[in-house]
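Below: one structure, written as structure tokens.
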Amino acid sequence: MSKQLHEITFELKAQNPTDFVEDFAHFGVVGSGDMEVIIEQKNLDGAVKVKIVTPVTGYDEVWRRVLERFVNDTGVANASLEINDNNATPVVVSLRLRQALSEVD
Numbered sequence: 769m770s771k772q773l774h775e776i777t778f779e780l781k782a783q784n785p786t787d788f789v790e791d792f793a794h795f796g797v798v799g800s801g802d803m804e805v806i807i808e809q810k811n812l813d814g815a816v817k818v819k820i821v822t823p824v825t826g827y828d829e830v831w832r833r834v835l836e837r838f839v840n841d842t843g844v845a846n847a848s849l850e851i852n853d854n855n856a857t858p859v860v861v862s863l864r865l866r867q868a869l870s871e872v873d
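Counted the way the working numbering counts, the sequence shown spans residues 769 to 873.
And the structure:
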């Protein structure tokens, strides 16, 4: 029996935005305790749109806090993030997001 996936979406803005300049970036794999990050450049008036697909429910606020910290710390703006999660912890989420962004710097 397969688990139903939960979809979470956010739109966030950095306090000091810096445009994401790459067309596309992909990092990670969907595996046990890990996640995949896909980042695309989009004209979003400085915002970041995030879509998370995860088997885990009840952690929307934790996701929001981790993503708000990432967006504010990095300043990433005008980007669409898609996260395909397989039970990654908040620490792994933060690490993978930063790794994905550093791959395009």
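Backbone N, C-alpha and C fix where the C-beta goes; we use that ideal spot for every residue, glycine too. These numbers come from a predicted model, not from an experiment.
| Item | Value |
| --- | --- |
| Beta-carbon proximity list for F792, same chain, < 8 Å, skipping 5 on both sides | I806, I807, E808 and Q809 |
| C-beta contact flag for L780 and V830 at 9 Å | no |
| Counterpart residues of K817 in DSSP-defined beta bridges | E779 and S848 |
| A868 - containing alpha helix (DSSP H), residue span | P858 to V872 |
| Top-ranked residue by Cα proximity to V872, from D841, V789, A856 and V816 | V789 |
| DSSP three-state assignment for T786, whether helix, strand or coil | strand |
| T786 burial status per 10 Å Cβ neighbour count (16 or more: buried) | exposed |
| Assigned exposure category for V834 - 16 Cβ within 10 Å defines buried | buried |
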